[in-house]
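First the structure, in the form of structure tokens, and then the observations on it.
There are 2 protein chains.
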Amino acid sequence: MHDRRMSEESETRGNRARQSRPTMADVAAKVGVSRALVSLVFRNEPGASKETRERVFQAADELGYRPDSAAQMLARSRSKVLGVMLTVRNPFHADIVEGIYPVAEQHGYDILLSATAPTRDERKAVEALLSHRCEGLIMLGPNMEARHLAELAERIPVVAVGRRFPGVEVDSVHTAEAKGVRQAIDHLVELGHSAITHIDGGKGAGSVERRRAYRAAMRKHGLAGHIQVLPGDHTEESGAQAAMALLADRVNMATAILAGNDRCAIGFLDAVWRAGLRVPGDISVVGYDDSHLAHLSHIDLTTVRQDPDRQAELAVRAVAERLDGVRSEVRELVLDPKFVARGTTGPPPRRG
Amino acid sequence: MHDRRMSEESETRGNRARQSRPTMADVAAKVGVSRALVSLVFRNEPGASKETRERVFQAADELGYRPDSAAQMLARSRSKVLGVMLTVRNPFHADIVEGIYPVAEQHGYDILLSATAPTRDERKAVEALLSHRCEGLIMLGPNMEARHLAELAERIPVVAVGRRFPGVEVDSVHTAEAKGVRQAIDHLVELGHSAITHIDGGKGAGSVERRRAYRAAMRKHGLAGHIQVLPGDHTEESGAQAAMALLADRVNMATAILAGNDRCAIGFLDAVWRAGLRVPGDISVVGYDDSHLAHLSHIDLTTVRQDPDRQAELAVRAVAERLDGVRSEVRELVLDPKFVARGTTGPPPRRG
DNA sequence: CCCGACTGCTAGAGCGCGCTAGTAGAGCGC
DNA sequence: GCGCTCTACTAGCGCGCTCTAGCAGTCGGG
Chain A
1 MHDRRMSEES
11 ETRGNRARQS
21 RPTMADVAAK
31 VGVSRALVSL
41 VFRNEPGASK
51 ETRERVFQAA
61 DELGYRPDSA
71 AQMLARSRSK
81 VLGVMLTVRN
91 PFHADIVEGI
101 YPVAEQHGYD
111 ILLSATAPTR
121 DERKAVEALL
131 SHRCEGLIML
141 GPNMEARHLA
151 ELAERIPVVA
161 VGRRFPGVEV
171 DSVHTAEAKG
181 VRQAIDHLVE
191 LGHSAITHID
201 GGKGAGSVER
211 RRAYRAAMRK
221 HGLAGHIQVL
231 PGDHTEESGA
241 QAAMALLADR
251 VNMATAILAG
261 NDRCAIGFLD
271 AVWRAGLRVP
281 GDISVVGYDD
291 SHLAHLSHID
301 LTTVRQDPDR
311 QAELAVRAVA
321 ERLDGVRSEV
331 RELVLDPKFV
341 ARGTTGPPPR
351 RG
Chain B
1001 MHDRRMSEES
1011 ETRGNRARQS
1021 RPTMADVAAK
1031 VGVSRALVSL
1041 VFRNEPGASK
1051 ETRERVFQAA
1061 DELGYRPDSA
1071 AQMLARSRSK
1081 VLGVMLTVRN
1091 PFHADIVEGI
1101 YPVAEQHGYD
1111 ILLSATAPTR
1121 DERKAVEALL
1131 SHRCEGLIML
1141 GPNMEARHLA
1151 ELAERIPVVA
1161 VGRRFPGVEV
1171 DSVHTAEAKG
1181 VRQAIDHLVE
1191 LGHSAITHID
1201 GGKGAGSVER
1211 RRAYRAAMRK
1221 HGLAGHIQVL
1231 PGDHTEESGA
1241 QAAMALLADR
1251 VNMATAILAG
1261 NDRCAIGFLD
1271 AVWRAGLRVP
1281 GDISVVGYDD
1291 SHLAHLSHID
1301 LTTVRQDPDR
1311 QAELAVRAVA
1321 ERLDGVRSEV
1331 RELVLDPKFV
1341 ARGTTGPPPR
1351 RG
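Residue numbers (the working numbering), protein chains in the order written: chain A, 1 to 352; chain B, 1001 to 1352.
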């Protein structure tokens, strides 16, 4: 086998990419029908007998034929591809991506992923998607400026997930942040907490809304004097740092924490556990997202659920509607969050 | 602006993807030259005068022309696209992906990502990549059967990252697992540990090798009697469960843990911290991967570094070499792991 | 003045597919 | 016998581009 491959290589003078990729014509020839018929069969269009269909599929399978999406794109006006921009390291994005695949398939779309990373900004990620002929863009927690997004949205249907862009002509899917935060604060207050500190999400998706809602909820409960917002972002690191800051002054330490998101909450938990505090005995912690990290049994994080599958579904649908020309007005889809009380919240410690 | 889009939509009868996308022919017409010349100019090939080049670029700019990558792919034999299969939830994969982008760019390749997920198995992920005309495949921690991989590799250059496939004709990049494990055990033994338990990685990449190396290293140190392998996999959950199992019998509890990977170690840490144990005071923990989770300051995990950037580089290079026809024999690239002592290991507790 | 080489350009054949406009043949009523 | 419909299939153009072959025109050497 090894030898065979080597000889093939020399035969084809380095033009290996196509050395054996079968085409529709190959399948057609094998079955003894026309190329057009094979095309029909693969597009699942009527006009071929059941028997022929089976023979076509069988032949295709034997040859290892896969439709060439470049040729498909070129031939039909629709590429049937949606691009998804995400941050590879974000577990909540992972949850949404998992939800996107099945919904997209159901709508007849293929999915292309493009990651942002420290060395690869959002514009680069989007350009890659565009040059691959995506018809629509799903942007998970986009950080770009509103006007860039708006420019993009003029050229191609775009939906921003997890972040609001008020006044920008872009569809968006996000959670009613204020509501989730309010429920979380209500829960903590009910348990008896009053010193509730918020770890900020910085430039993260939804942070502005969560921060504002935190302040409002605290005031609503007459706890304006206890408002404390620690700087942070949506990483474990920032949660741990906030923990260190709090631990430096244990006497006046808050009895409960509302973290900017789950990752931040987990960083916080790690740090306080390590410092020997009991959760929720010494301090209560609430996250945000309910990413799969949160319901791991050993974390058992009280958090605010943002249904990722539902967000995925709505995002795909939003883009699909635009592409089908069903809708042209901007739509902001707001999901109800769901507060989930788990094991990291309880009554505040008694202080002597 | 909004209105403009709507009217365009109705004009083009829903055929929005191509509503006004200019082609090479448009540019050629505008400049008054042939399509072929425009093609030359855009490919930066010799054969056009400087003056003409400028006119072409100017016209293209005015028309907003962008080359259509689908048509390019179709027309030229090389697509210059590499496919990367990953598990979107795996932080170590995220680290590698981040390393792949710059190296690929440097080699002139574009990157397509395809994720596996519970609802989307590896074959599906790979099919998506293939139908998008990837010339080569980088598979991160593939779980598929060896013969499937072999079949794939017959058609297209494939490199498996993080997992060995002995006897299979596939390039691979992975770490010398045994060496890393040996160093970890040496370190623990030096610190005075003898009751060192391994949490198994199940079907995870490298698990078999790590388990075997653990046993060998223990025997080498005359600790065969202390060999203990707890079942697990590469998730936080399994680490936490192993912790629970150990905590059930504190008296005979191991003094040190070698986890299957970092995620598992972190799950373990969370659980023991939460149970009030001190790390490393009560128990030492070693991870594996040195993913970015490990060097977060609050985790500060002693672990075995598998350089993800280096793995990314070697993987891209391996595929690129195949594609350039430079090499045709199978290559197994084995990286030296690097043991990194951080804050989760120390001398064992004294027992009275 | 002719030959060859070189420059700057063009014609036209694909790449693999989708899709429209057909055709061939069977069945059926009258 | 005819027209009709219906099923099962085919021919062939075009999507936007790349790339080979080739064609005018210029220039320099013999």
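Glycine included, C-beta positions come from ideal geometry on N, C-alpha and C.
If I measure Cβ to Cβ from Glu11/A and keep anything under 7 Å in the same chain, skipping five residues before and after, which residues do I get? Residue placement at Glu11/A is poorly supported in this model, since its pLDDT is 30, which falls under 50; the coordinates are not used for a value here.
Whether Val1330/B touches Pro1157/B by CB criterion (8 Å): no
Mind listing the chain A neighbours of Thr1119/B? Cutoff is C-beta to C-beta under 8 Å, in chain order. Glu98, Tyr101 and Pro102
With a CB to CB cut of under 8 Å and the five nearest residues on each side skipped, what residues in its chain are close to Leu1063/B? Pro1022, Asp1026, Val1027 and Lys1030
Tell me which same chain residues have a C-beta within less than 7 Å of the C-beta of Arg215/A, skipping the five on either side of it? Ile227
Going by DSSP in three states, Glu204/A sits in which element: helix, strand or coil? As written in the sequence, residue 204/A is Gly, which differs from the Glu given in the question. The answer is coil: DSSP assigns Gly204/A none of H, G, I, E or B.
Check Lys220/A in the structure and name its three-state DSSP category. helix
Please go through the same chain and pick out, in chain order, the residues whose beta-carbon is closer than 6 Å to the beta-carbon of His958/B, but skip the five residues on each side of it. Outside the modelled stretch of chain B, which goes from 1001 to 1352, sits residue 958/B, for which no answer is possible.
Excluding the five sequence neighbours on either side, which residues of its own chain have a C-beta within less than 7 Å of the C-beta of Ala150/A, listed in chain order? Val168, Glu169 and Val170
Please give me, in chain order, every unbroken run of the alpha helix (DSSP H) with length at least 4 that falls completely inside the segment 1143–1217 of chain B. 1146–1155 and 1177–1191
Which residue comes first and which comes last in the beta strand (DSSP E) that contains Gln228/A? Gln228 to Leu230
I need the DSSP call for Pro1337/B, collapsed to helix, strand or coil. coil
Can we say the segment 1085–1101 of chain B touches the segment 1132–1144 of chain B, given the rule of at least three CB pairs closer than 8 Å? yes
Please go through the same chain and pick out, in chain order, the residues whose beta-carbon is closer than 8 Å to the beta-carbon of Arg211/A, but skip the five residues on each side of it. His198, Asp200, Gly201 and Val229
Can you tell me where the alpha helix (DSSP H) with Met73/A in it begins and where it stops? Ser69 to Ala75
Beta-carbon separation (whole angstroms), Gly361/A vs Glu332/A, contact threshold 8 Å: Residue 361/A lies beyond the stretch modelled for chain A, which goes from 1 to 352, so this question has no answer here.
Touch check for the segment 233–252 of chain A and the segment 176–186 of chain A: three-plus C-beta pairs under 8 Å? no
Between Trp273/A, Arg76/A, Leu130/A and Arg305/A, which has its C-alpha nearest Asp262/A's C-alpha? Arg305/A
How many Å lie between Gly1232/B and Val1173/B at the Cα? 24 Å
Counting C-beta neighbours from all protein chains within 10 Å, is the total for Pro337/A 16 or more, i.e. buried, or is it exposed? buried
Of all the residues that make up the segment 225–256 of chain A, which are near chain B by a beta-carbon distance shorter than 9 Å? Thr235, Glu236, Glu237, Gly239, Ala240, Gln241, Ala243 and Met244
In the structure shown, what three-state DSSP assignment does Ala1128/B receive? helix
I'd like to check one pair, Val1081/B with Val1316/B: are the Cβ atoms closer than 8 Å? no
Jot down the residue ranges of each uninterrupted beta strand (DSSP E) in the segment 1268–1335 of chain B, minimum 3 residues, whole runs only, in chain order. 1284–1286, 1303–1305 and 1332–1335
On the three-state DSSP scale, how would you describe Thr255/A? coil
Which residues in chain B sit within 9 Å of His298/A, going by Cβ to Cβ distance? Glu1236, Glu1237, Gly1239, Ala1240, Gln1241, Ala1243, Met1244, Gly1267, Phe1268, Asp1270, Ala1271 and Arg1274
Report the option in Asp1095/B, Ser1131/B, Leu1293/B and Gly1287/B whose CA atom is closest to the CA atom of Ala70/A. Ser1131/B
With a threshold of 16 other CB atoms inside 10 Å of the CB of Ala224/A, please say whether the residue is buried or exposed. exposed
What did DSSP end up calling Ala1115/B once you bin it into helix, strand or coil? strand
Find out if the Cβ-Cβ distance for the pair Cys134/A, Leu112/A is shorter than 8 Å. yes
My output table needs one value for Gly136/A: the three-state DSSP class, helix, strand or coil. strand
Use the C-beta contact count for Gln58/A: other C-beta atoms within 10 angstroms, 16 or more gives buried, fewer gives exposed. exposed
Per DSSP, which residues does Asp1121/B bridge with? Please list them. In the DSSP output, where bridge partners are listed per residue, Asp1121/B has none listed.
For His107/A, go through chain B and note every residue whose CB falls closer than 9 Å to its CB, in chain order. The premise fails here: His107/A is roughly 15 Å from chain B at the closest Cβ pair, so nothing lies under 9 Å.
Out of curiosity, what's the CA-to-CA distance linking Ala1217/B and His1187/B? 11 Å
From what residue to what residue does the beta strand (DSSP E) around Val84/A run? Val81 to Thr87
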